[in-house]
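Asks: Chains as they are written, first to last, in full-length UniProt numbering: chain A, 1 to 226; chain B, 1 to 226; chain C, 1 to 226; chain D, 1 to 226.
Quick one: structure below, then a few questions.
There are 4 protein chains.
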Amino acid sequence: MPRRPPPSRRRAPRQERAQATCDAILTATARVLLKDGYEAASTNRIAQEAGVSVGSLYQYFPSKEGLVTALMERHRARGLADFEAGLVPLASQPLPVAMRALIRQVISVKREDPKLHQVLHELIPRMRQWGLSDVYSQRLFRLVRAFLAPRFEELRPQNLDMAVFVLVTSVEALCHTAVTDRPDYLEDESFVEEVAALALGYLRPEAVTATSAPPRRVARERVTRM
Amino acid sequence: MPRRPPPSRRRAPRQERAQATCDAILTATARVLLKDGYEAASTNRIAQEAGVSVGSLYQYFPSKEGLVTALMERHRARGLADFEAGLVPLASQPLPVAMRALIRQVISVKREDPKLHQVLHELIPRMRQWGLSDVYSQRLFRLVRAFLAPRFEELRPQNLDMAVFVLVTSVEALCHTAVTDRPDYLEDESFVEEVAALALGYLRPEAVTATSAPPRRVARERVTRM
Amino acid sequence: MPRRPPPSRRRAPRQERAQATCDAILTATARVLLKDGYEAASTNRIAQEAGVSVGSLYQYFPSKEGLVTALMERHRARGLADFEAGLVPLASQPLPVAMRALIRQVISVKREDPKLHQVLHELIPRMRQWGLSDVYSQRLFRLVRAFLAPRFEELRPQNLDMAVFVLVTSVEALCHTAVTDRPDYLEDESFVEEVAALALGYLRPEAVTATSAPPRRVARERVTRM
Amino acid sequence: MPRRPPPSRRRAPRQERAQATCDAILTATARVLLKDGYEAASTNRIAQEAGVSVGSLYQYFPSKEGLVTALMERHRARGLADFEAGLVPLASQPLPVAMRALIRQVISVKREDPKLHQVLHELIPRMRQWGLSDVYSQRLFRLVRAFLAPRFEELRPQNLDMAVFVLVTSVEALCHTAVTDRPDYLEDESFVEEVAALALGYLRPEAVTATSAPPRRVARERVTRM
DNA sequence: TATGAATGAGATTTCATTCAT
DNA sequence: TATGAATGAAATCTCATTCAT
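Structure follows, in structure tokens:
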């Protein structure tokens, strides 16, 4: 029996003042997480940074976990909304064009506040430990799937779900790691090209791989490439 | 001024018995990390699991950080050695063959003890916070670079370093995420094919993404898309 | 210097509505005390249960102490009134008849709401700590004393005050403990008989303790002390 | 499903020093409970009073609850042992003699440290809330039962268990309340006589009560006494 | 060298109470 | 009068680390 995920909010703020407090707390949480990391970020410290008392913090959030969860939710909801908004006008574009645009968007979203992105990214496993399922990943997955589905016929992969997994996982990792480890790449237009090459090379209809894959393709490829 | 990374070992064990104790502690650390996660893994608990006193633990390791670092080092050193060992006989193989073999190896290494892999994976950002540079990533990077360098001429990417980054990051993320989130993929031979398709499709010499790639294209594209 | 007992009420409710609120709060207090016990019963929780805001609660009661004290007073005042009402018609009854009737009444009062009785009973020491003297015990004592005084001549005990203490204390304890620990006894008519036997055996004129109680002293003492 | 009572001890002290610490903590607990009562007695305060750090306290006791429980156990175990020791030589004495001796012992035990007795007495309901069954009450009950059983034939009560309940509850309450509320009675030999009169009058073979009890006795009594 | 008792700073969380609206 | 947001002192408990034995 999986334990029900604990709520991330304790009570909805009714008055304006309360909403402001609530926001201030979340923002302060982000700031403190950035500066000190999750462990060193004490609730007292966060409250202080938000300019409220700890009591207020606990009036709106049931625990440190809940607080961080709420921040995460806010952050990811925004990111997902952005992504979706960016995706819509691309539906009718040619795949390469759309792909590059998407990659640029992913990067630009992460670059906006790289440190916060990184901190929250590192919190994901912890949230999993807390029993929170990653609904945003699932929604992202579904968005990308819906984007690719209409073009399925022209693509090489036969298993759409797996293709989405491969694409989302690899592109996400590349963008994230670039932000984290190679900020120089972010200024480099050729990086986008390379990520696009990875994605498009993977999706493209022409057979490319070899030896053990579906018979005839393999043969053709072997001849073609080696 | 970046702080000098603290040592992960306090004193090298001289006697055999000491070495055994040291190993026992590291192994216990892994066990406890698995069971309880990093935060809940107290040094007292680890010592108990190892069958020694906390005092002894602190005789061999200067701190909890050091202990975890040492475990990490042991683990990654082994992983890297395995990887290197697997890489050597593949030097002379055709790329697709070698690539599939490598992917299989990465997966099998992670599958061996998936939970431990995951726990240690999640510790990486923490170690970074501690000021430890990820030497193993760098060495992995160099290994892959050395593997690809001789074939550079036949590959599409023009920037070898970036290509290595793209490959290592994406393949690693795919294998890791599969172990974590989609264990069903691990049993599925087609998953290896897809990852291989991603890698090979990225590396292959023929242009594929149409519109983009090498120098002039970029210019054209800029005109086209922006 | 003993601190003056703090008031249990802040302001007397003037309007009817206010009286209703006041009652609602007290009733809610009882409910919450029952459910959660004294410590877990927070004033916010009580206010919520009463359907008012904490602010209102503090308009009628100066503190949590005062709130609980007021509840206690209400409860004991009612209990005492009941007891007194029951006592009046028994004044002219033979002692055994009256005694059984009283015991039955004590039991039935406690059985009415055993949990509340128990909770409030357990609060008595706390109230003592708060410096509140137990006026209701004193009034109960006086009632029983007044009940026994007219029959003093026919009773064995020579010290009326002590006899009242012995009777009240033991009967009260028996009834309370039965409600708490042996609810089965409450259904058992023979329990009433046994308690009555205890009380009547204690009060009866014939000497009984034989062997050690110095016989003649009794007579002398009567003269000397009462 | 009743929750298993939590342990009152965390780990048994192995070294002498540890035992001393453990004792010091328990003694300090008693001292602080006396002075401040349960609520105001903070674990930090207790540790300070014991001259150790809080950490040490929590090394031996798992919680404040556990700490108090352990103190209670120690206290009641001693009291019970004393009582049992006093009971043995009385087995062969005439009932009135034995009864007076027992009452004197109960009083003297409580008088030894009246405040501590009172504090611990008031903690009993709390322990019940914690799910701890009152084993010592049960053992006391059995001791008294074993004491009365051989004389059952000569006693009035027909239900031995109920008789034990009546005796233990009333005598205990009288002694306790006297210690608490009427310390003057403790100096007064006639108080012991009255309590003995209560107990012996209850137990004595001669019929005494009336109207509704077992038929013939009732009749006789009515004639005799009223 | 090994042990494990002891330390104590510091973390999370609660709740009686106040007071601006 | 009523509301409920805000306060903040204080309580319980943990755990990395030290050091006397």
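Ideal Cβ placement from N, Cα and C applies to all residues, glycine included.
Given the structure is predicted, the values throughout are model-derived calculations rather than measurements.
1. Could you give the distance in angstroms between the alpha-carbon of isoleucine 25 of chain B and the alpha-carbon of aspartate 113 of chain B?
2. Using the rule of at least 16 other Cβ atoms within 10 Å of the residue's Cβ for burial, across every protein chain shown, is proline 102 of chain A buried or exposed?
3. How would you list, in chain order, the residues of chain A whose beta-carbon sits under 8 Å from the beta-carbon of arginine 182 of chain B?
4. Determine whether the Cβ of leucine 71 of chain A lies closer than 7 Å to any Cβ atom of chain B.
5. When you compare only the Cα positions, how much space is there between alanine 197 of chain D and aspartate 82 of chain D?
6. What separation, rounded to the nearest whole angstrom, lies between the Cα atoms of leucine 174 of chain C and valine 192 of chain C?
7. Applying a beta-carbon distance threshold of less than 9 Å, which residues of chain C neighbour methionine 162 of chain D?
8. Between which two residues does the alpha helix (DSSP H) containing alanine 40 of chain B stretch?
9. Report the residues of the region 36-69 of chain A with a CB closer than 8 Å to any CB of chain B, ordered along the chain.
10. Helix, strand or coil: how does DSSP classify aspartate 161 of chain D here?
11. Here's a check: name, in chain order, each residue in its chain whose Cβ is nearer than 6 Å to the Cβ of alanine 86 of chain C, leaving out the five neighbours to either side.
12. My guess is that valine 97 of chain C and valine 166 of chain D are in contact by the Cβ rule of under 8 Å, so how many angstroms apart are they, rounded?
13. How many Å lie between leucine 11 of chain D and valine 54 of chain D at the Cα?
14. Using DSSP with H/G/I as helix, E/B as strand and the rest coil, what is arginine 74 of chain A?
15. Mind the definition here: the region 129-137 of chain C touches the region 135-147 of chain D only if three or more C-beta pairs lie below 8 Å; say whether that holds.
16. Is glutamate 122 of chain C helix, strand or coil when you go by DSSP?
17. Using only alpha-carbon positions, find the residue among B/Ile46, B/Arg9, B/Leu95 that is nearest to glutamine 59 of chain B.
18. Please confirm whether alanine 207 of chain D has its beta-carbon closer than 7 Å to some beta-carbon of chain C.
19. Name the chain C residues whose beta carbon is nearer than 7 Å to that of tyrosine 202 of chain D?
20. For leucine 174 of chain D, return the contacting residues in chain C, with the cut-off set at a CB-CB distance below 7 Å.
21. In this structure, does DSSP put glycine 79 of chain D in helix, strand or coil?
22. My assumption, with CB atoms under 8 Å, is that alanine 91 of chain C sits in contact with phenylalanine 152 of chain C. Please give the rounded CB distance.
23. Return the CA-CA distance between leucine 160 of chain C and leucine 33 of chain D, expressed in angstroms with no decimal places.
24. Any idea what DSSP makes of valine 68 of chain B, helix, strand or coil?
25. For glutamine 158 of chain C, is the classification buried or exposed, using 16 other Cβ atoms within 10 angstroms of its Cβ as the cut-off for buried?
26. Examine chain B for any beta-carbon lying closer than 7 Å to the beta-carbon of valine 125 of chain A, and answer yes or no.
27. Let me confirm a value: alanine 77 of chain B is counted as buried when at least 16 other C-beta atoms fall within 10 Å, else exposed. Which label applies?
28. Between B/Arg111, B/Arg204, B/Met72, B/Ile46, which lies nearest to glutamate 172 of chain B when the distance is taken from Cα to Cα?
29. Would you mind stating whether valine 56 of chain A and threonine 29 of chain A have Cβ atoms separated by less than 7 Å?
30. Does chain C have any CB closer than 7 Å to the CB of threonine 177 of chain D?
31. Using the three-state DSSP reduction, which class does leucine 116 of chain C fall into: helix, strand or coil?
32. Quick check: the Cα distance between glutamate 73 of chain B and isoleucine 46 of chain B, rounded to an integer number of angstroms?
33. Give me the Cα-Cα distance between proline 89 of chain B and leucine 95 of chain B, rounded to the nearest whole angstrom.
34. Compute the distance between the beta-carbons of tryptophan 130 of chain D and glutamate 39 of chain D, then report whether it is under 7 Å.
35. Hey, is glutamine 105 of chain B's beta-carbon within less than 7 Å of any beta-carbon in chain A?
36. For arginine 145 of chain D, name the three-state secondary structure that DSSP assigns.
Replies: So, to answer that:
1. In this model, isoleucine 25 of chain B and aspartate 113 of chain B are separated by some 18 Å (Cα to Cα).
2. Per the sequence shown, the amino acid found at residue 102 of chain A is leucine instead of proline. A buried status is given to leucine 102 of chain A, since no fewer than 16 other beta-carbon atoms sit within 10 Å of its beta-carbon.
3. Chain order gives the chain A residues near arginine 182 of chain B as Phe165, where near means a beta carbon separation below 8 Å.
4. No - not a single Cβ of chain B is within 7 Å of the one on leucine 71 of chain A.
5. Spanning the two alpha carbons is a distance of roughly 24 Å.
6. Leucine 174 of chain C and valine 192 of chain C have their C-alpha atoms some 10 Å from each other.
7. By Cβ distance, chain C contributes Arg182, Tyr185, Asp188, Ser190, Phe191, Glu194.
8. Start and end: 16-40.
9. The region 36-69 of chain A vs chain B, Cβ under 8 Å: Gly37, Glu39.
10. Looking at aspartate 161 of chain D - three-state DSSP - the assignment turns out to be helix.
11. Per the sequence presented here, residue 86 of chain C reads as glycine, with alanine not at that position. Contacts found: Gln105.
12. Actually they are not in contact, since the Cβ atoms of valine 97 of chain C and valine 166 of chain D sit about 20 Å apart, beyond 8 Å.
13. It is arginine, not leucine, that sits at residue 11 of chain D in the sequence shown. The alpha-carbon atoms of arginine 11 of chain D and valine 54 of chain D are separated by roughly 15 Å.
14. The answer is helix: DSSP assigns arginine 74 of chain A an H, G or I state.
15. Verdict: no, contact absent.
16. Three-state DSSP puts glutamate 122 of chain C in a helix.
17. Among B/Ile46, B/Arg9, B/Leu95, the Cα nearest to that of glutamine 59 of chain B belongs to B/Arg9.
18. Bear in mind that a pLDDT of 43 at alanine 207 of chain D, under 50, signals an unreliable position, so the number given afterwards is only what the model happens to contain. For alanine 207 of chain D, the answer is no, since every Cβ of chain C falls outside 7 Å of its Cβ.
19. Simply Ala197, Leu198, Gly201.
20. Residues of chain C passing the Cβ test: Val166, Thr169, Ser170.
21. Helix at glycine 79 of chain D.
22. Between phenylalanine 152 of chain C and alanine 91 of chain C the Cβ distance is about 14 Å, and since that is not below 8 Å, they are no contact.
23. Distance between the alpha carbons of leucine 160 of chain C and leucine 33 of chain D: 36 Å.
24. In the structure shown, valine 68 of chain B sits in a helix (DSSP, three-state: H, G or I).
25. Answer is buried; the Cβ neighbour count reaches 16.
26. Reading off the sequence shown, one finds proline at residue 125 of chain A, where the question assumed valine. Yes, proline 125 of chain A lies at the interface with chain B (some Cβ there is under 7 Å from its Cβ).
27. Taking a 10 Å sphere around the C-beta of alanine 77 of chain B, we find fewer than 16 other C-beta atoms and assign the residue as exposed.
28. Nearest to glutamate 172 of chain B by alpha-carbon distance, out of B/Arg111, B/Arg204, B/Met72, B/Ile46, is B/Arg111.
29. Looking at the sequence itself, residue 56 of chain A is serine, so the reference to valine does not match. For serine 56 of chain A and threonine 29 of chain A, no; Cβs fall outside 7 Å.
30. By this cut-off, threonine 177 of chain D is an interface position.
31. Residue state, collapsed to three classes: helix.
32. Spanning the two alpha carbons is a distance of roughly 18 Å.
33. Each residue's alpha carbon lies about 12 Å from the other.
34. Cβ distance not < 7 Å, so tryptophan 130 of chain D and glutamate 39 of chain D don't count as in contact.
35. In terms of beta-carbon proximity, glutamine 105 of chain B stays away from the interface with chain A, with every pair separated by 7 Å or more.
36. Helix, per DSSP.
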